[in-house]
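One structure below.
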Amino acid sequence: GLAAVKMNVLHWHLSDNEGFRVESRKFPKLAGMGSEGAYYTQGEIRDFIAYAHARGVRVVPEFDMPGHSGSWFLGYPELASAPGPYVLASGEGPAMDPTKEFTYTFLEEFIGEMSKLFPDEYFHIGGDELSQSNQWDANPQIQAFMRTHGMKNNHDLQAYFTQRLHRILTRNHKIAVGWDEILHPDKMLAGWEETLRADLPKTIVVQVWRDQGLLATAAKHGYQGLLSAPYYLDSMWPAVRYYAFDPMSGAAATLTAEEKTRILGGESCQWGELVTPENIDSQIWPRNAVIAERLWSSPDSKDAASMYTRLNAVSLELEWLGLTHRSARLRMLQRMAGATDVSALRVLADVVEPVKDDDTWDEPVKDDDPWPGYGAPLNRLINAVYPESDTARLFNNLVQAYVQSGAKDQATESQIRSWLMLWRDNDAKLHPILVQSFLLQEDITLSQTLSAVAAAGLDALDYLDKAQSPPDAWRMQQLTLLKRAKGHSFAHLLLVVAAPVQQLVQAAAHW
């Protein structure tokens, strides 16, 4: 898939608090105790790198340090800055102790081994989200070390760790890449430039994930950079939103020609906590092709309609290559329904999208159903639906065209009416399946709401056809329904056809 859209680097995040995923022969307890048996052997890694290389794709490993490193400590607790016991878990977890010489002796051997396994010249060291630094505050040995070395705070200590790590990587002929926290401790706000660290080598590449403006600031101060801030695929945004961001836009557009050369490119991101081998393709593709086009194209390429036309063609090509971003959904829906005929369930799945921006991690205010959290089986409707509803996008285009015609385009109205009738009548067909399936019972209200929303749209079309103003009571009732349908998540799903139906109701109400 990457080769097909001319993406040429795979950044592979291989260690975190949830697990250590690579065999180390020098330190076998890293994967042996820190992975629950789920890790890649060195032979598998070599095969993978060779497979990628044959397709023009480089592989850059990431071993996140000093935070996000809890999985290291099950086998090697002496690396940690706080006492155990240690467990594999989600979250930021404990941090390494940057004051022990043992830490650097260990990392010298480990990085030497991994540098031979991963031949690419870049090596990602993490460095993000070091909120575990309260462990450093509570450790008297670490505090004494900081006083002895004149360090004012934990950010100084992290800079010391990064400098030591950089020297190890240099000896192994690697270029260090780190998340943007390695240059600045806090989220990018006003005054960022004034507090930019000046004590880190300019050869470190800064990967910006928190705010696009950081990329330009880093370039101004002599650092090469990568942009991943707007390109998180697991945020579930539609393709057009990713298409609107360009690494060279915003503050980067004001850089000098020399400063612009320091921006190496961008990176789309997909984190693994909410995917399985069955649905991972549908979260990445085909939207990832849009990010690829953005990174290879001029910032002036902004035609969203043209982009979607080409995206549909590329989506088919990717399926022909063996990706399953479209085909896997049918199997998931059949399993949830316990039936082979899932046409009614597909109608519902086609008009919803998952909640956005990692809202699935928290219990949302507007939803009565709490998300089960990390480690839950990913077997619900939210895990099977596409991040972007093509049906809703096309339906919205029809409504826009119809309203702009002054409700006079009969051909467009006919198409809108066909969709609305399908959705209105679908609940009666789908309800028996939802009731009998433990996995789908949570979607009963969603299905009923779709039917009610569609009925409101059909009523609005009737009023527009007759050039007749609806009663105020009807208008208030439907707008209340549609406001809730738009602003509420149903089992963490958004009914994305509610907004264009609301437009129809408003058009009828203002006739």
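Residue 348 in our numbering is what sits at position 296 of the sequence shown, and the numbering runs on without skipping anything. All C-beta atoms, glycine included, are put in the ideal place defined by N, C-alpha and C. Everything numeric in this text was worked out from a predicted model, so none of it was measured.
Test item: CB-CB of residue i and residue j under 8 Å
i, j, result
"Val-339", "Leu-285", "Note that residue 339 is Arg in the sequence shown, not Val. Yes, the Cβ-Cβ distance between Arg-339 and Leu-285 is below 8 Å."
"Leu-486", "Gln-493", "yes"
"Ala-357", "Met-59", "no"
"Val-403", "Leu-556", "no"
"Glu-114", "His-63", "yes"
"Ser-76", "Glu-173", "no"
"Val-139", "Phe-175", "no"
"Gly-53", "Leu-516", "no"
"Ala-147", "Gln-94", "no"
"Ala-268", "Leu-235", "no"
"Arg-536", "Ala-561", "no"
"Lys-354", "Leu-307", "no"
"Gln-193", "Thr-151", "yes"
Distance between beta carbons of residue j and residue i, contact taken as under 8 Å
i, j, result
"Ile-256", "Tyr-275", "7 Å"
"Ala-83", "Tyr-91", "4 Å"
"Asp-479", "Gln-500", "6 Å"
"Leu-546", "Glu-405", "5 Å"
"Leu-433", "Ala-543", "7 Å"
"Asp-116", "Asp-68", "6 Å"
"Gly-509", "Val-553", "4 Å"
"Tyr-128", "Phe-79", "7 Å"
"Gly-86", "Leu-182", "The pair is not a contact, with the Cβ atoms about 20 Å apart (cut-off 8 Å)."
"Val-342", "Leu-316", "Their Cβ separation, rounded to whole angstroms, is 20 Å, which puts Val-342 and Leu-316 out of contact at 8 Å."
"Thr-214", "Leu-252", "6 Å"
"Leu-513", "Glu-465", "6 Å"
"Ala-396", "Lys-481", "4 Å"
"Ala-401", "Ala-436", "7 Å"
"Phe-297", "Arg-346", "7 Å"
Residue interval of the beta strand (DSSP E) (run including residue i)
i, result
"Arg-110", "110–117"
"Gly-317", "315–318"
"Val-257", "257–260"
"Pro-80", "First-last for Pro-80: undefined, no H or E at that position."
"Tyr-174", "174–178"
"Gly-230", "227–231"
"Ser-67", "61–68"
"Glu-405", "404–406"
Close-in-space but distant-in-sequence residues of the same chain around residue i (CB under 7 Å, 5 per side omitted)
i, result
"Ala-281", "Val-260, Trp-261, Arg-262, Asp-263 and Gln-264"
"Ala-242", "Interpretation of Ala-242 is limited by its pLDDT of 41, a score under 50 that renders its predicted location unreliable; no figure is taken from the coordinates."
"Asn-449", "none"
"Phe-447", "Trp-471, Val-549 and Pro-552"
"Ala-196", "none"
"Val-380", "According to the sequence shown, residue 380 is Ala rather than Val. Cβ within range, chain order: Glu-330, Asn-331, Asp-333 and Ser-334."
C-alpha distance - residue i paired with residue j, whole-angstrom precision
i, j, result
"Ser-489", "Gly-318", "43 Å"
"Ile-163", "Leu-221", "7 Å"
"Arg-98", "Trp-475", "50 Å"
"Arg-110", "Ser-133", "34 Å"
"Glu-371", "Glu-330", "14 Å"
"Ser-334", "Leu-373", "14 Å"
"Ser-367", "Asn-431", "24 Å"
"Pro-523", "Gln-558", "12 Å"
"Tyr-360", "Ile-468", "20 Å"
"Tyr-454", "Ala-507", "18 Å"
"Tyr-295", "Asp-189", "43 Å"
"Glu-161", "Trp-124", "14 Å"
"Lys-168", "Leu-491", "47 Å"
"Arg-445", "Phe-100", "37 Å"
"Lys-254", "His-218", "11 Å"
"Pro-290", "Glu-88", "35 Å"
"Asp-420", "Leu-498", "Since pLDDT at Asp-420 reaches only 47, below the 50 mark, its modelled position is unreliable, and the value read off the structure follows with that caveat. So the two alpha carbons sit approximately 12 Å from each other."
"Ala-309", "Met-300", "11 Å"
"Ala-141", "Val-292", "35 Å"
Close beta carbons around residue i, own chain, < 6 Å, minus the five adjacent residues each side
i, result
"Met-288", "Pro-406, Lys-408 and Pro-439"
"Tyr-156", "Arg-216"
"Ile-332", "none"
"Val-394", "Leu-385 and Gln-386"
"Asp-180", "Trp-231 and Glu-233"
"His-377", "Asp-333, Ser-334 and Trp-337"
"Ser-121", "Met-148"
"Val-57", "Ala-341 and Ala-344"
"Lys-538", "Ala-550 and Ala-551"
Sequence-distant residues of its chain with Cβ nearer than 8 Å to residue i (five each side left out)
i, result
"Ala-525", "none"
"Phe-154", "Glu-130 and Leu-131"
"Ser-112", "Residue identity differs from the one stated: residue 112 is Val in this sequence, not Ser. Correct list, in chain order: Val-61, Leu-62, His-63, Trp-64, Phe-170, Asp-172, Tyr-174, Phe-175, His-176 and Val-229."
Start and end residues, alpha helix (DSSP H) containing residue i
i, result
"Glu-96", "94–106"
"Gly-265", "265–272"
"Gly-509", "496–517"
"Gly-539", "524–539"
"Leu-474", "462–488"
"Leu-446", "442–456"
"Gly-277", "From DSSP, Gly-277 is part of no alpha helix (DSSP H) but of the beta strand (DSSP E) over 277–279."
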